[in-house]
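Engineer: For the sequence shown, position 157 matches number 156 in numbering that gives the first Met the number 0, and the numbering has no gaps at all.
Supplied in structure tokens, the structure appears directly below.
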Amino acid sequence: MEINYQETSKDLLARIDIHEKYGSANIDQWTNDLLKPQAGMSILDVGCGAGKLSFLFNDYTKGGAKITGGDFSEELLAKAREKNKKLGAGINFQFLDFNKPFNFADNTFDLCTSAFAIYYASNLDFTFGEAHRVLRSPDAVLGKPGGRLFVSGPLPENKKMFYDIIKEATNKPIPPMPGSSRFKGDIFNTVSKIFAKTELHKFENHLTFPEVAPFIDYVRASLSEDRKLWTSMFNGHAEYEELIGKIEAVAKKWFARDGKLVMTKVVGGILATK
Ligand SMILES: C[S@@+](CC[C@H](N)C(=O)[O-])C[C@H]1O[C@@H](n2cnc3c(N)ncnc32)[C@H](O)[C@@H]1O
């Protein structure tokens with residue numbers, strides 16, 4: 000299955016900012032608590048975007064881990080490199096298409112992560128096979144476990160209120176979201192098949208919008224014309240603006256009724272060991 004998914008740095012960074020401003024919980028803390036990356040580790044962050052997770056691990060290990068961030072978007076890689084330079088961090092950001100063989104030797108990494116990205120892969124067996132290949136094998140002599148894979152993504156109950164408002168506004172079915180529909184099923188099953196041990200963890204974040212405007216900013220950063228997943232709902236700029244207007248009207252109605260808008264992000268974390 001080929002998935003046409005493109006992200007602009009403007010949209011991605013707008014959503015990250017909204018999560019930080021209005022969220023009740025911190026996904027970075029959850030990720031660090033779960034993974035506890037250590038200085039001396041080799042880490043590969045697949046679909047790193049502007050480098051959110053790579054910078055998180057770099058901070059957590061106080062620059063002591065060898066981190067590689069890979070993405071196929073040159074625009075997002077440029078953002079990541081700019082920040083890397085500004086911070087004087089030593090992260091290596093490079094081109095990586097997760098639908099193609101990863102350009103690394105077998106047994107290279109202690110940890111391979113992918114936040115909200117790798118589940119868009121066209122061929123899950125292939126991509127997770129590559130992640131498995133580049134992770135370190137367990138070392139029975141030294142008693143060292145194998146490298147770990149961590150993949151985060153939306154669970155099916157994610158952002159229910161967001162989809163309900165759009166459904167009410169449009170009377171149309173929501174286009175299939177490959178992330179949430181595949182995460183707990185196909186993706187979890189593929190990883191469990193390939194890796195020795197696989198666990199599913201869950202993270203919930205309630206985003207409380209104190210007014211309608213930041214919710215609409217979130218909607219725009221999700222549906223934007225640059226993201227191909229939503230284009231069945233509109234054709235061109237005028238229809239896009241008309242759609243946003245309808246969504247805003249329903250959001251205002253819900254806000255007047257409830258006094259706030261609360262959207263719960265429900266995120267899964269698949270943690271597997273080679
Ligand atoms: C929602 S963003 C997440 C970015 C980052 N991991 C974060 O948490 O901010 C999804 C990322 O997947 C990347 N992506 C999509 N398809 C890809 C592919 N075939 N190979 C590599 N990266 C890809 C996009 O460019 C984008 O950076």
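Glycine included, every Cβ here is placed at the ideal spot set by N, Cα and C.
What you are looking at is a predicted structure, and each value in this text was computed from that prediction instead of being measured.
Can you list, in chain order, the residues of its chain with a C-beta nearer than 6 Å to that of Asn102? Leave out the 5 residues immediately preceding and following it.
Structural biologist: Locating residue 102 in the sequence shown gives position 103, where the first residue counts as 1. For Asn102, where only same-chain residues beyond five positions count, there are no Cβ hits under 6 Å.
Engineer: Check for me: the alpha helix (DSSP H) holding Asn91 runs from which residue to which?
Structural biologist: Reading the sequence shown from its first residue, position 92 is the one you call residue 91. No alpha helix (DSSP H) holds Asn91; the beta strand (DSSP E) holding it covers 91 to 94.
Engineer: Give the straight-line distance between the Cα atoms of Gly39 and Gly63, rounded to the nearest whole angstrom.
Structural biologist: Translated into positions along the sequence shown, residue 39 becomes position 40. Translated into positions along the sequence shown, residue 63 becomes position 64. C-alpha separation (whole angstroms): 6 Å.
Engineer: Checking 8 Å against the spacing of the C-beta atoms, do Leu55 and Asp10 come in under that value?
Structural biologist: If you number the sequence shown from 1, residue 55 lands on position 56. If you number the sequence shown from 1, residue 10 lands on position 11. In this structure, Asp10 does not lie closer than 8 Å to Leu55 by Cβ.
Engineer: Glu247 to Glu238, Cα distance in whole Å?
Structural biologist: The sequence position of residue 247 within the sequence shown is 248, counting from 1. The sequence position of residue 238 within the sequence shown is 239, counting from 1. Distance between the alpha carbons of Glu247 and Glu238 is about 14 Å.
Engineer: For Gly152, does the count of other Cβ atoms within 10 angstroms reach 16, so buried, or fall short, so exposed?
Structural biologist: Along the sequence shown, one-based indexing puts residue 152 at 153. By the neighbour-count rule (16 or more Cβ atoms within 10 Å), Gly152 is buried.
Engineer: Measuring alpha carbon to alpha carbon, tell me which residue in Met262, Asn170, Arg181 is nearest Glu232.
Structural biologist: Taking the first residue of the sequence shown as 1, we reach residue 232 at position 233. The sequence as given places Met at residue 232; Glu does not occur at that position. Measuring from the Cα of Met232, the nearest candidate turns out to be Asn170.
Engineer: Hey, would you say Thr107 sits closer than 8 Å to Ser41, going by beta carbons?
Structural biologist: By one-based count along the sequence shown, residue 107 stands at place 108. By one-based count along the sequence shown, residue 41 stands at place 42. Their beta carbons are under 8 Å apart, which means Thr107 touches Ser41 by this criterion.
Engineer: Just to check my reading of the structure: Pro36 and Tyr21 have Cβ atoms closer than 8 Å, yes? What is that Cβ distance to the nearest angstrom?
Structural biologist: Position 37 of the sequence shown, counting from 1, holds the residue named residue 36. Position 22 of the sequence shown, counting from 1, holds the residue named residue 21. So it is not a contact: roughly 27 Å between Cβ atoms.
Engineer: Taking the C-alpha atoms as reference points, what is the distance between Ile164 and Asp105?
Structural biologist: Within the sequence shown, the letter at position 165 stands for residue 164. Within the sequence shown, the letter at position 106 stands for residue 105. Straight-line Cα distance between these residues: approximately 46 Å.
Engineer: Pop quiz: Glu17 and Asp44 are said to be a contact at Cβ under 8 Å. What is the actual Cβ separation, rounded to whole angstroms?
Structural biologist: Working through the sequence shown from its first residue, we reach residue 17 at position 18. Working through the sequence shown from its first residue, we reach residue 44 at position 45. Reading the sequence as shown, one finds Ile at residue 17 and not Glu. Not confirmed; about 22 Å, so no contact.
Engineer: Between the Cα of Pro155 and the Cα atoms of Lys201, Lys166, Thr197, which residue gives the shortest distance?
Structural biologist: Taking the sequence shown and counting its residues from 1, the one referred to as residue 155 is at position 156. When only C-alpha atoms are compared, the closest one is Lys201.
Engineer: Would Val133 pass as a contact of Ile269 if the rule is Cβ separation under 8 Å?
Structural biologist: Taking the first residue of the sequence shown as position 1, residue 133 is located at position 134. Taking the first residue of the sequence shown as position 1, residue 269 is located at position 270. No, these two residues do not count as a Cβ contact at 8 Å.
Engineer: Could you give the DSSP three-state label for Thr60: helix, strand or coil?
Structural biologist: Taking the first residue of the sequence shown as 1, we reach residue 60 at position 61. The answer is coil: DSSP assigns Thr60 none of H, G, I, E or B.
Engineer: What is the DSSP secondary structure of Phe214, counted as helix, strand or coil?
Structural biologist: In the sequence shown, the residue the question calls residue 214 occupies position 215. In the structure shown, Phe214 sits in a helix (DSSP, three-state: H, G or I).
Engineer: Hey, Val211 and Ala168: beta-carbon distance below 8 Å or not?
Structural biologist: Within the sequence shown, numbered from 1, the residue matching residue 211 stands at position 212. Within the sequence shown, numbered from 1, the residue matching residue 168 stands at position 169. Contact: no.
Engineer: If you follow the alpha helix (DSSP H) that Phe103 is part of, which residue opens it and which one closes it?
Structural biologist: As a first step, residue 103 is located in the sequence shown; it is residue number 104 there, counting from the start. Counting along the chain, Phe103 falls outside any alpha helix (DSSP H), and DSSP gives it neither H nor E.
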